[in-house]
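Remarks on the structure that follows.
Here's what the structure looks like:
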């Protein structure tokens with residue numbers, strides 16, 4: 025009889041797990057999934073890990089498709105969702121974080137999307153204290169030696185009262201940020217162990233008083249680096265009505281590493297006659313910006329005085345962009 029009861033109990037547990045897996049949308053990979061929080065009426069995690077969140081003051085609101093009670097709005101300073109069962113171990117090694125966010129404003133200095141207990145990682149907007157780089161989004165992890173690792177800041181400001189899809193993807197010693205399915209910026213990561221912290225906060229800093237003052241939806245965390253296709257699937261999910269913008273064709277930078285200039289080549293397939301180039305440092309600051317002369321696409325670097333890794337962005341009149349890495353050495 026005891027064996028029969030045990031078998032029934034195991035079947036019951038298996039049924040629960042299979043149900044949780046079945047509830048995941050088809051575009052969400054379950055491979056190494058730490059948690060998936062769609063915020064459909066609650067803060068429950070739909071992965072088999074059951075990393076359910078406890079809501080403290082956040083309000084259920086319509087999501088970006090108009091579905092009722094399908095996103096959370098963090099209005100007051102202490103509003104947050106606490107996932108007590110996740111710690112820093114989920115963010116040591118490779119990982120991916122995906123979230124849809126809608127900032128109402130950037131009046132708060134550190135409007136947090138997600139943060140770890142004891143600040144083992146922070147994923148937040150940049151308010152007035154970051155001027156002139158406010159209204160952007162930053163990310164970093166904190167080592168056991170209290171050193172920020174993999175610090176990245178989005179190249180462009182985010183528009184308010186607009187849903188944006190932001191992905192942080194770490195692979196080996198590199199961290200990348202994608203916004204609305206377009207690469208934004210990357211930086212190196214030291215891969216040191218993170219400071220200990222039991223708990224994960226959605227919509228606020230772990231010490232509170234730094235709420236996002238906006239809405240958050242569809243948070244996903246993976247203990248691996250998602251592929252480009254997997255990340256695109258999270259953005260261009262079925263039946264959303266989102267249309268994919270055409271990307272610019274690839275272009276090349278020569279020489280690379282560069283010293284006092286570089287030439288842009290192989291960009292004949294880029295549509296439009298009006299092109300501009302912008303160069304960003306690893307903090308997301310624009311250090312050079314100018315129009316491109318197609319007949320003589322030489323970019324002088326005389327006004328850049330620090331060597332290191334930079335991101336080169338080419339944009340056409342329609343707003344489509346392409347990116348390449350540039351190493352400047354003196």
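In this note's numbering, the protein residues as written are 25 to 354.
Ideal placement from N, C-alpha and C gives every residue a C-beta, glycine not left out.
Taken in chain order, the complete beta strand (DSSP E) segments of 3 or more residues contained in the segment 37-87 are 57-61, 78-80, 83-85.
When secondary structure is reduced to three states using DSSP, residue 96 falls in the strand class. Its chain contains 300 as the residues whose beta carbon lies nearer than 6 Å to that of residue 315, once the 5 sequence neighbours on both sides are disregarded; these appear in chain order.
The straight-line gap separating the alpha-carbon atoms of residue 324 and residue 284 is approximately 6 Å. Judged by DSSP secondary structure, residue 258 falls within the alpha helix (DSSP H) whose first and last residues are 252-259. According to the DSSP assignment, residue 246 belongs to the beta strand (DSSP E) that extends over 238-246. Note: residue 106 is bridge-paired with 78, 225 in the DSSP secondary-structure output. If only uninterrupted beta strand (DSSP E) runs of at least 3 residues are considered, those enclosed by the segment 310-352 are 310-315, 322-324, 332-340, 345-352. Going by beta carbons, residue 192 and residue 120 fall inside the 8 Å limit. Of the other Cβ atoms in all chains shown, fewer than 16 fall within 10 Å of the Cβ of residue 322; this residue is therefore exposed. Here the alpha carbons of residue 253 and residue 260 stand approximately 10 Å from one another. The beta carbons of residue 133 and residue 156 sit no closer together than 8 Å.
The shortest C-alpha to C-alpha distance from residue 188 to any of 149, 103, 198, 210 is the one to 149.
With a contact defined as Cβ atoms closer than 8 Å, residue 233 and residue 111 miss out at about 22 Å.
When secondary structure is reduced to three states using DSSP, residue 120 falls in the strand class. Around the C-beta of residue 290, fewer than 16 other C-beta atoms lie within 10 Å, and the residue is accordingly described as exposed. Across the structure, residue 63 and residue 236 are spaced so that their CA atoms are roughly 16 Å apart. For residue 286, the enclosing beta strand (DSSP E) has its first and last residue at 285-289.
Assignment of beta strand (DSSP E) within the segment 110-160, counting only whole runs of 3 or more residues, yields 119-127, 136-140, 145-149 in chain order. Inter-residue distance for residue 200 and residue 170 is about 21 Å (C-alpha atoms, whole angstroms).
If you ignore the 5 residues before and after residue 277, its C-beta comes within less than 7 Å of the C-beta of 286, 288, 336, 348, 350, all in its own chain and listed in chain order. The beta-carbon separation of residue 115 and residue 144, rounded to 7 Å, stays under the 8 Å limit for a contact.
Taking all protein chains in view, the Cβ of residue 331 is surrounded by fewer than 16 other Cβ atoms within 10 Å, so the residue is classified as exposed. Assigned with DSSP and collapsed to three states, residue 165 falls in strand. Taking a cut-off of 8 Å for Cβ pairs, the segment 200-211 and the segment 69-78 do not touch, as fewer than three such pairs fall below it. Counting C-beta atoms within 10 angstroms of its own C-beta, residue 209 has 16 or more neighbours from the protein chains shown and is therefore classed as buried. Per DSSP, reduced to three states, the secondary structure at residue 184 is coil, with no helix or strand assignment. In the structure shown, residue 176 falls within a strand segment according to DSSP collapsed to helix, strand and coil.
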